[in-house]
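Single-structure report; data block below.
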């Protein structure tokens, strides 16, 4: 089987192809001040850089004297704010179960 491109096709595709000698572009997710950065490893070759907001654990209010709990306790948690593959925000492409996995793994890493 002949896999060579016809010269006319080579000329037409030339503007779309990156030459082998071209420098590789370095990608970096933007910094997010005040947020926790976590790198999520998937089956992709590149890690996904995630920014999460930290919510500390809160103890619900108790009744004075009896100690009866009036409001529920809230555990420590992280909320996913953004997810970048290279410099592209892919947050809205993630499924809810992927977001939950990222938040759980990042919280485990934070607590260890």
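Residue numbers (our numbering): -3 to 108. Positions of the beta carbon are idealized from the N, C-alpha and C atoms, including for glycine.
Could you name the residues of the same chain whose beta carbon sits closer than 6 Å to that of residue i, not counting the 5 residues immediately before and after it, in chain order?
i: residue 36; result: 44, 46 and 98
Excluding five sequence neighbours on each side, which residues of the same chain lie with their C-beta closer than 8 Å to the C-beta of residue i?
i: residue 56; result: 65, 66, 67, 68, 69 and 70
i: residue 42; result: 81 and 82
Tell me, which residues are paired with residue i by DSSP?
i: residue 34; result: 46
i: residue 4; result: Residue 4 is not bridged to any residue.
Taking residue i as part of the beta strand (DSSP E), name the residues at either end of that continuous run.
i: residue 107; result: Where residue 107 is concerned, there is no enclosing beta strand (DSSP E), although the alpha helix (DSSP H) it sits in stretches over 92 to 107.
i: residue 57; result: Run containing residue 57: none; DSSP gives neither H nor E here.
i: residue 77; result: 73 to 81
So that I know if they touch, is there some Cβ in chain D lying closer than 7 Å to that of residue i?
i: residue 70; result: The displayed structure is made up of one protein chain only, and chain D is not part of it.
Quick one: residues in its chain with C-beta nearer than 7 Å to the C-beta of residue i, no 5 flanking neighbours on either side, listed in chain order?
i: residue 90; result: 79
i: residue 50; result: 32 and 74
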